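**Student:** Handing you a structure now.
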Amino acid sequence: MKNVRNVAVTLAIFAGSLGAWEAIVRAFAIPIFILPPPSQVALALYRGFASGLYLDHLGYTLLETLLGFIVGSLLGFFLGTAVAMNRWVEFFLYPYIVMFQSLPKVALAPLIVVWFGLGLTSKVINAALVAFFPLLVNTMVGLKSADEDRVSLMRSLAASDGQIFWMLRLPNALPFVMAGLDVAMIFALIGAIVAEFVGAQRGLGMLIQSMNFNMDVSGQFSILLILSFVGLVLNRGIMLIRKRVMFWDPSEKPAIETSPEEAVPAAGRAVATPAKERI
Amino acid sequence: MAVATEAITVRHLSKTYATRDGAVAALERATFSVGEGEFVAVVGPSGCGKSTLLKILAGILASSSGEALLRGTLIAGPRRDIGVVFQSPVLFPWRTVLDNVLLPVDVQRLGRRPHEQVGVDLLALVGLKGFERKYPWELSGGMQQRVAITRALVHDPAMLLMDEPFGALDAMTREHMNLELQRIWLERRKTVLFITHSIPEAVFLADRVLVMTARPGRLLDDVRVDLARPRPLDVMNTPEFGAHVRHIRHLFNVQGRIDA
Numbered sequence: 001m002k003n004v005r006n007v008a009v010t011l012a013i014f015a016g017s018l019g020a021w022e023a024i025v026r027a028f029a030i031p032i033f034i035l036p037p038p039s040q041v042a043l044a045l046y047r048g049f050a051s052g053l054y055l056d057h058l059g060y061t062l063l064e065t066l067l068g069f070i071v072g073s074l075l076g077f078f079l080g081t082a083v084a085m086n087r088w089v090e091f092f093l094y095p096y097i098v099m100f101q102s103l104p105k106v107a108l109a110p111l112i113v114v115w116f117g118l119g120l121t122s123k124v125i126n127a128a129l130v131a132f133f134p135l136l137v138n139t140m141v142g143l144k145s146a147d148e149d150r151v152s153l154m155r156s157l158a159a160s161d162g163q164i165f166w167m168l169r170l171p172n173a174l175p176f177v178m179a180g181l182d183v184a185m186i187f188a189l190i191g192a193i194v195a196e197f198v199g200a201q202r203g204l205g206m207l208i209q210s211m212n213f214n215m216d217v218s219g220q221f222s223i224l225l226i227l228s229f230v231g232l233v234l235n236r237g238i239m240l241i242r243k244r245v246m247f248w249d250p251s252e253k254p255a256i257e258t259s260p261e262e263a264v265p266a267a268g269r270a271v272a273t274p275a276k277e278r279i
Numbered sequence: 001m002a003v004a005t006e007a008i009t010v011r012h013l014s015k016t017y018a019t020r021d022g023a024v025a026a027l028e029r030a031t032f033s034v035g036e037g038e039f040v041a042v043v044g045p046s047g048c049g050k051s052t053l054l055k056i057l058a059g060i061l062a063s064s065s066g067e068a069l070l071r072g073t074l075i076a077g078p079r080r081d082i083g084v085v086f087q088s089p090v091l092f093p094w095r096t097v098l099d100n101v102l103l104p105v106d107v108q109r110l111g112r113r114p115h116e117q118v119g120v121d122l123l124a125l126v127g128l129k130g131f132e133r134k135y136p137w138e139l140s141g142g143m144q145q146r147v148a149i150t151r152a153l154v155h156d157p158a159m160l161l162m163d164e165p166f167g168a169l170d171a172m173t174r175e176h177m178n179l180e181l182q183r184i185w186l187e188r189r190k191t192v193l194f195i196t197h198s199i200p201e202a203v204f205l206a207d208r209v210l211v212m213t214a215r216p217g218r219l220l221d222d223v224r225v226d227l228a229r230p231r232p233l234d235v236m237n238t239p240e241f242g243a244h245v246r247h248i249r250h251l252f253n254v255q256g257r258i259d260a
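Chains A and B, in that order, give the protein sequences.
Every letter in the first sequence is one number past the one before it in my numbering, and letter 192, counting from 1, is 192.
Every letter in the second sequence is one number past the one before it in my numbering, and letter 49, counting from 1, is 49.
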């Protein structure tokens, strides 16, 4: 009952705001190159997909994003492990990491396009660069956060350092790593889009740029819609993986009923608090 | 009288920690022994070096001077023949109850096959039959501590070190766990060194109670408790039990006056 009511209210709010938007644009005769009405955005969306144009560019941007995500996450994970587990690596590398972390990584996009060209490589590198840090920091924190008592227990059993890593530190770091992946996924998408802005031949970011030159605001809106949908789907994908990997985490137990009054933000429930990230 | 074989021998054992304000003595020339199969409790106020003593015996902390032997061999690092139970259950949430119990078997590569049944049988002994496939968060605090005790027994260690294992439980559960521990001990007859700051708990469980002073921890007395086993909870209302508790408390009070 409650669920049905909530869905109904959600739909009503959605339809209401679209209606209001359409009405305001028409009533004040706002030019279409400033703010297009939802009907025009829907039309642009339909035409883009019907002609196959959007699908082609969407596929390309997704490829850049996923490749960048994989490369950046793997690098971040392994370097984070090295820093957490080796005092010397930490001592010599950490200052650079801190320095680099405070740099807005997207500002590097123009350089990267100059170095690696207008094709796929520069986009993947930029996406990887932005996705890299959340994984690095979270892996580091996760591996170092193993409970002292648990380490003592392992030592009392005469466990080797390797065993303590594989049997305790790594599973213990998983909630942190998953939280890092969650952020890295969205960051990779941002990295890819920004690199496309700077210079590209294909991709949704490039499409937005060229539509902007043509004052095709309806088209831009339609692509923004696609991008937010893509972000949502990618985020869901990570959450599904997280549920499988962290079946043992009580905060992953399925909620019996979620209504606005009971809904708890996922970040509040999660064991891991990912370190604050900058793009 | 036949001399019982010694499971634990501690001679002039001292530990000083280096701090910013200089050296702090946590344990000072402790000397005692525990016989094979004996249940010995150590009581003392907070910060008397009880946990330091336990960590040295567990081989995860080096002593400053003196020596500790387990069945005649020097304890010079972590050993495979010791079972430790900490104040908190220290279970791994990603392992099932049975997998938690089998942690020592996995770490020491003793072979899962032969030990799986040992784990199941031990879980039944501590009253957790049917919980093998559950996860720790599905269990109450008392049940989790039973899992921890089972884990400490699964590799058949020569001695059991327990560091205030029931300190975090509520009073009712704690009494129940004391009875349970006595039952398990009567069945298994492991050598136990049990650390607590509850005098009644020490007297109820132990054959001997070692009384320690506040920092630096020194041994004040070695009290033999000759109450018949199995001891029911009612034993706490007997005059003999009361006499032991009074005697130990008196030792602390006298000590307090001297320190002040």
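Positions of the beta carbon are idealized from the N, C-alpha and C atoms, including for glycine.
In this text the structure is predicted, and so the values were computed from the model without any measurement.
1. Among Phe-229(A), Ala-131(A), Thr-81(A), Ser-222(A), which has the Cα closest to the Cα of Pro-37(A)?
2. Run down chain A in chain order and give the residues with a C-beta less than 9 angstroms from the C-beta of Val-154(B).
3. Helix, strand or coil: how does DSSP classify Leu-74(A) here?
4. Helix, strand or coil for Thr-61(A)? Go by DSSP, reduced to three states.
5. Going straight from the alpha carbon of Tyr-17(B) to that of Thr-191(B), what length do you get?
6. Taking Gly-35(B) as part of the alpha helix (DSSP H), name the residues at either end of that continuous run.
7. Could you tell me the distance, in whole angstroms, from the CA atom of Arg-11(B) to the CA atom of Trp-166(A)?
8. Which chain B residues sit within Cβ distance under 8 angstroms of Met-154(A)?
9. Is there a C-beta anywhere in chain E that falls below 7 angstroms from the one on Phe-86(B)?
10. Once DSSP output is grouped into helix, strand and coil, what is the label at Pro-254(A)?
11. List the residues of chain A that Ile-8(B) touches, going by C-beta distances under 9 angstroms, in chain order.
12. Please check the pair Gly-44(B) and Gly-217(B), which I expect to be a contact at CB under 8 angstroms, by giving their CB distance rounded to whole angstroms.
13. Does any CB atom of chain B fall closer than 7 angstroms to the CB of Asp-161(A)?
14. Within the chosen definition, does the segment 130 to 146 of chain A reach the segment 197 to 216 of chain A through at least 3 CB pairs nearer than 8 angstroms?
15. At a CB distance below 9 angstroms, what residues from the segment 229 to 251 of chain A approach chain B? Give them in sequence order.
16. Can you give me the start and stop residues for the alpha helix (DSSP H) that Ser-222(A) sits inside?
17. Buried or exposed: where does Ala-7(B) fall if 16 or more other Cβ atoms within 10 Å of its Cβ makes it buried?
18. What's the C-alpha gap between Ser-198(B) and Phe-39(B)?
19. Checking contacts by CB at 7 angstroms: is Ala-146(A) closer than that to chain B?
20. Where does the unbroken beta strand (DSSP E) through Gly-119(B) begin, and where does it stop?
21. Using a Cβ-Cβ distance cut-off of 7 angstroms, determine whether Arg-20(B) contacts chain A.
22. Of all the residues that make up the segment 109 to 141 of chain B, which are near chain A by a beta-carbon distance shorter than 8 angstroms?
23. What does Arg-150(A) touch in chain B if you count any residue whose Cβ is under 8 angstroms from its own?
24. Determine which residues of the segment 51 to 82 of chain B have a Cβ less than 9 angstroms from any Cβ of chain A, and write them out in chain order.
**Tutor:** Result, derived from the coordinates:
1. In the first sequence, residue 37(A) corresponds to position 37, counting from 1. Nearest option by C-alpha distance: Ser-222(A).
2. Mapped onto the second sequence, residue 154(B) falls at position 154. The premise fails here: Val-154(B) is roughly 11 angstroms from chain A at the closest Cβ pair, so nothing lies under 9 angstroms.
3. Translated into positions along the first sequence, residue 74(A) becomes position 74. Leu-74(A): helix per DSSP, three-state reduction.
4. For the purposes of this step, residue 61(A) is identified with residue 61 of the first sequence, where counting begins at 1. Reduced to three states, the DSSP call for Thr-61(A) is helix.
5. Numbered from 1 along the second sequence, position 17 holds the residue referred to as residue 17(B). Numbered from 1 along the second sequence, position 191 holds the residue referred to as residue 191(B). Looking at the two C-alpha atoms, the distance is approximately 29 angstroms.
6. Taking the second sequence and counting its residues from 1, the one referred to as residue 35(B) is at position 35. It is not in any alpha helix (DSSP H) - Gly-35(B) instead sits in the beta strand (DSSP E) that spans 22 to 35.
7. As a position in the second sequence, residue 11(B) is number 11, starting the count at 1. As a position in the first sequence, residue 166(A) is number 166, starting the count at 1. Taking the straight line joining both Cα atoms gives about 37 angstroms.
8. Walking along the first sequence from the start, residue 154(A) turns up at place 154. Val-107, listed in chain order.
9. Included in the structure are the protein chains A and B, with no chain E among them.
10. Along the first sequence, read from residue 1 onward, the residue named residue 254(A) stands at position 254. The pLDDT assigned to Pro-254(A) is 46, lower than 50, so where the model puts this residue is not dependable; a value taken from the coordinates is nonetheless given after this. Correct three-state label for Pro-254(A): coil.
11. As a position in the second sequence, residue 8(B) is number 8, starting the count at 1. Going along chain A, no residue has its Cβ under 9 angstroms from Ile-8(B), so there is no contact; the nearest lies around 15 angstroms.
12. Sequence index remark: in the second sequence, residue 44(B) carries index 44 (1-based). Sequence index remark: in the second sequence, residue 217(B) carries index 217 (1-based). The pair is a contact, with the Cβ atoms about 6 angstroms apart (cut-off 8 angstroms).
13. Your numbering for residue 161(A) matches position 161 in the first sequence. Closer than 7 angstroms: no.
14. The segment 197 to 216 of chain A and the segment 130 to 146 of chain A do not touch, with fewer than three beta-carbon pairs separated by less than 8 angstroms.
15. Met-246, Phe-247, Trp-248, Asp-249, Pro-250
16. The residue you call residue 222(A) lines up with position 222 of the first sequence. Segment 217 to 245, the alpha helix (DSSP H) holding Ser-222(A).
17. By 1-based counting over the second sequence, the position of residue 7(B) is 7. Ala-7(B) is buried by the Cβ-count criterion.
18. The residue you call residue 198(B) lines up with position 198 of the second sequence. The residue you call residue 39(B) lines up with position 39 of the second sequence. Going from the Cα of Ser-198(B) to the Cα of Phe-39(B) covers about 16 angstroms.
19. Taking the first residue of the first sequence as position 1, residue 146(A) is located at position 146. Cβ-Cβ to chain B under 7 angstroms: no for Ala-146(A).
20. Against the second sequence, residue 119(B) aligns to sequence position 119. Note, Gly-119(B): premise wrong, no beta strand (DSSP E); alpha helix (DSSP H) at 112 to 125.
21. For the purposes of this step, residue 20(B) is taken as residue 20 along the second sequence, with counting starting at 1. No - not a single Cβ of chain A is within 7 angstroms of the one on Arg-20(B).
22. Tyr-135, Trp-137
23. Against the first sequence, residue 150(A) aligns to sequence position 150. Those are Val-90, Phe-92, listed as they occur along chain B.
24. Within the segment 51 to 82 of chain B, contact with chain A at the beta-carbon level (separation under 9 angstroms) is assigned to Lys-55, Ala-58, Gly-59, Ile-60, Gly-77, Pro-78, Arg-79, Arg-80, Ile-82.
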